[in-house]
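**Q** So that you can map any letter, position 210 of the sequence shown is 199 in my numbering, and since no number is skipped, the others follow by simple counting. Okay, handing you the structure first.
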Amino acid sequence: MASMPLSTLVMEAFSEEGPLSRWDVHFQPRAGQTEMARAVAETVDQGGALVVEAGTGVGKTFAYLVPALLSGERVLISTATKALQDQLFSRDLPGLAKALNLPVRMALLKGRGNYLCTYRLALARSEALLPDRQSVHMLAKVETWAQATRTGDLAEMPGLDERSSLLPWITSNRDNCLGSDCEHHKTCHVMAARREALAADVVVINHHLFFADLAVRESGMAELLPSVRVAIFDEAHQLNETGVQFLGRQLSSSQLIDLSRDLLVAGLSLARGQTDWQGLSAQLELAARDLRLLLGAGDKAGKLAWTGNTPDGVDEAAWRDMLNTVQSAAESLLEALEAVLEVAPDFVRLSERVQEILVQLAAFGEPAPLGSVRWVDLGHWARLMQAPLDIAETVRTRMLGAPVSEAAGDELPAAPLAEGAAPWRDDDARPRSWIFTSATLGDDATLRWFTEPCGLADARVLQVQSPFNYSKQAVLFVPRDVVRPSDPQHTPQVAALSEKIVRALGGRTLVLTTTLRALRQIGDTLRQQLGDEPGLEVLVQGEGSKRELMDRFRAGDAHARRGCVLVASATFWEGFDVPGEALQAVIIDKLPFPPPNDPMVEARGKRLEALGRSPFNHYFLPEAVVALKQGAGRLIRRETDRGVLVVCDNRLITTGYGRRLMDALPPMARASSEPALLEGLRRLTKASTTGPISSDP
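Written out as structure tokens, the structure is:
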């Protein structure tokens, strides 16, 4: 871009008199941010891999965006969440491009399930098979919106819930997309998004799309990636768990039922009378439902281990018969479809889907390959799952270009390569640049929790501390008299303490649980105790999307001066961003260790044992450290925030391993007792948030 070194350009941009200061009067240079930006610039210049843990408040987004934009390179940015994806594309990138006076073409690329499929919209309108009245009503709104939308991105559709039962009817997936044979191909929103991405200088995607493409090369990314020299992964702590979802196999009863439904619709509309479409469809649907029943009663949910030839607790003969039944139904479909392939492209795609199901059936009928784990996800449907234990081999060979199965030192054995994919090729002589960043990537100097399963043992590692003054901004309280989490009285005790904190603060509280059972129990208790309390609103996860709940929590009811308490689990441990006085207490019910009976967790533990390493010290404890840091990170989001973190698990202060967990938390002040905590909270509701919180009265 210029003869001046990139690192020099970047330092000038972040200086007191630089373009960022002129663009934003509130901008102030931060040592941690400029340190990270310099490291990113050096990696972009030299190539290779950089891993950066940047604490909350560092400003890591600008620290990687500024060097990326000033480099003049084509850049790929991947995030874990659609929320950050939209923020980067709609706010951060346009703002920085303007501040730096750079003519940058930007594109947002999501998975095909995020875009309206005009072909399937027409089918939904004509077939009248929608599941409920609400879907019929929403379909009419979508049809109106479809006439005006340019992008077809359903996130822009007002009032359309991301969990709507209409979505599968108006979007395509890899199974049912007709590709270039579709009559709407030229106006397809997915294809338009891909074309924009191929022409852009900066493309924003998400981890799911990245690994889906790496596994099956179907999203258009296979064309995009070879021309990109710089790839940046934000929220990188989710990279391994996202990757293993796509680098294995899966076959679900819902997939079979979707196929039977699509077969019936296509058969009756395009080749009525040529065969018994209803009978063939019903045969496959019955087999899918019988598969679900064989694996457990309809109300049984969770993960079913699969360590032998069959899922645990399932009779081997019955299992073989079930697989044969599904195979027979699929083969009957394939035979019928062969007779109508020339009628319409719909039947060609249906035939390909049936063949893929037969391939998966054959694979699940054989023992699991070395280095992978199998299980069954049971919910309303059943999903047969097989995944590698980590993404290390995939990253090393397909991203960093190492020879297959190369291992170094005591690095864990590599995960098997996904079928059908090839390493990325780069005709440019300069090496690619890979940047991985997050607020939480481990608790040691090498960030081994992240680098080992991601195949990044040789990457440059940088840790940048948060600029927040936690000793003045936050107080930590761990109740000594709370019972152990295994005691049935633990959750009621957490609910009782939560009620006291909520009353003291007038809301402003986030309760994070490690299980859905605790979520429901605490949520019900707070509703009973606080439901009629004026000025308080109790929110519980499941009552709306994450974005909706976060917006309601932020806003409360400003006119009535209402405060909110939200009880949540799972995804709310991260990405819940509520700065300011709306959130002043985060309560964590217990230390977030991974569930030992989870098939993936169990398999990873056994692999460590086989290597002579302690599963607790090298897996369970690091996982808890990262999750705890994520949960605690919800509390202080900017320099003026004040609040308390309450961890209702005294193992944090009574066990030897608790010290490691405590050291991973920010250096907060400590409250010595419950009365001291509650008194401090009462003062916090009255005082300006510009002063420190006292840890004791």
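Think of the CB as a built atom: it goes at the ideal place given N, C-alpha and C, for glycine as much as any other residue. The structure displayed is predicted, hence computed values, not measured ones.
1) Is it the case that the segment 188 to 200 contacts the segment 87 to 100, given that we only count it when at least three CB pairs across the two stretches are under 8 Å?
2) Taking Cβ positions, are Ser361 and Gln344 nearer each other than 7 Å?
3) Using a threshold of 7 Å, state whether the C-beta atoms of Ala660 and Leu666 are closer than that.
4) State the beta-bridge partners of Gln510 as determined by DSSP.
5) Starting from Met95, trace the alpha helix (DSSP H) in both directions and tell me its first and last residue.
6) Can you list, in chain order, the residues of its chain with a C-beta nearer than 7 Å to that of Gln349? Leave out the 5 residues immediately preceding and following it.
7) Does the separation of the CB atoms of Glu274 and Ser249 fall below 7 Å?
8) According to DSSP, is Thr68 helix, strand or coil?
9) Per DSSP, which residues does Arg363 bridge with? Please list them.
10) Out of Glu570, Arg516, Leu252, Trp295, state which residue places its alpha-carbon closest to the alpha-carbon of Arg623.
11) Our contact map puts Ala144 next to Lys49 with C-beta atoms below 8 Å; I'd like the distance itself, whole angstroms only.
12) If we count the other Cβ atoms within 10 Å of its Cβ and call it buried at 16 or more, is Val483 buried or exposed?
13) Would Phe200 and Ser67 qualify as a contact pair, given that the criterion is a beta-carbon distance under 7 Å?
14) Compute the Euclidean distance between the alpha carbons of Trp370 and Leu245, then round it to the nearest angstrom.
15) State the Cα-Cα distance for the pair Gly512 and Gly531, rounded to the nearest angstrom.
16) Please return the same chain residues whose Cβ sits closer than 8 Å to the Cβ of Arg478, not counting the five positions on each side in sequence.
17) Please report the distance separating the alpha-carbon of Val41 from that of Asn229.
18) From Leu282 to Pro655, what distance separates their C-alpha atoms?
19) Give the DSSP-derived three-state secondary structure of Asn195 in the structure shown.
20) Check whether the Cβ atoms of Ala69 and Gln234 sit closer than 7 Å, and answer yes or no.
21) DSSP three-state label for Phe222, please.
22) Quick check: what's the CA-CA separation for Thr503 versus Ala30?
23) I'd like the list of long-range same chain contacts for Tyr108, defined as Cβ closer than 6 Å, with 5 residues on each side in sequence excluded.
24) Leaving aside the five residues before and after Ser558 along the sequence, list all residues of the same chain whose C-beta is less than 8 Å from its C-beta, in chain order.
25) Once you ignore the five residues that flank Pro611 on each side, which residues in its own chain have a CB closer than 6 Å to its CB?
26) Grouping DSSP H, G and I as helix and E and B as strand, with all else coil, what is Leu39?
27) Rounded to the nearest angstrom, what separates Leu167 and Ala333 at their Cα positions?
28) Report the option in Pro120, Asp121, Glu151, Leu155 whose CA atom is closest to the CA atom of Glu132.
29) Tell me the DSSP secondary structure of Pro681 in three-state form.
30) Among the candidates Leu82, Arg419, Leu445, whose CA atom is the shortest distance from the CA of Val384?
31) Quick check on DSSP: helix, strand or coil for Lys292?
32) Considering only their Cβ atoms, is the gap separating Val64 from Val219 smaller than 7 Å?
33) Quick one: using the 10 Å Cβ neighbour count with 16 as the cut-off for buried, is Glu62 buried or exposed?
34) Would you tell me roughly how many angstroms separate the C-alpha atoms of Pro474 and Pro581, rounded to the nearest one?
35) Is Glu207 helix, strand or coil by DSSP?
36) Out of curiosity, what's the CA-to-CA distance linking Arg19 and Val47?
**A** Based on what the coordinates show:
1) yes
2) No, these two residues do not count as a Cβ contact at 7 Å.
3) yes
4) Beta-bridge pairing links Gln510 to no other residue.
5) Where Met95 is concerned, there is no enclosing alpha helix (DSSP H), although the beta strand (DSSP E) it sits in stretches over 95 to 97.
6) Arg238, Leu240
7) For Glu274 and Ser249, yes; Cβs fall inside 7 Å.
8) In the three-state DSSP reduction, Thr68 falls in the strand class (E or B).
9) Gln375
10) Glu570
11) Taking a contact as a CB-CB distance under 8 Å, the pair Ala144 and Lys49 does not count as one, their CB atoms being some 24 Å apart.
12) buried
13) no
14) 10 Å
15) 11 Å
16) The identity of residue 478 in the sequence shown is Gln, whereas the question assumes Arg. Once the five neighbours on either side are set aside, the close Cβ partners of Gln478 are Val472.
17) 16 Å
18) 48 Å
19) strand
20) Against a cut-off of 7 Å, the Cβ pair of Gln234 and Ala69 comes out as no contact.
21) strand
22) 39 Å
23) Cys171, His173
24) Same-chain partners within the cutoff: Leu501, Thr502, Thr503, Thr504, Leu505, Ala507, Leu508, Gln530.
25) Once the five neighbours on either side are set aside, the close Cβ partners of Pro611 are Trp438.
26) strand
27) Here the alpha carbon of Leu167 sits roughly 10 Å from the alpha carbon of Ala333.
28) When each option's Cα is compared against that of Glu132, the closest is Leu155.
29) Note that Pro681 scores a pLDDT of 49, beneath 50, so its modelled location is shaky; the value from the coordinates is reported in the next line. It is coil, neither helix nor strand.
30) Residue nearest to Val384 within the set Leu82, Arg419, Leu445 is Leu445 (criterion: CA-CA distance).
31) strand
32) yes
33) buried
34) 11 Å
35) Confidence at Glu207 is low in this model, with a pLDDT of 49, below 50, so its placement is unreliable and no value can be given for it.
36) 7 Å
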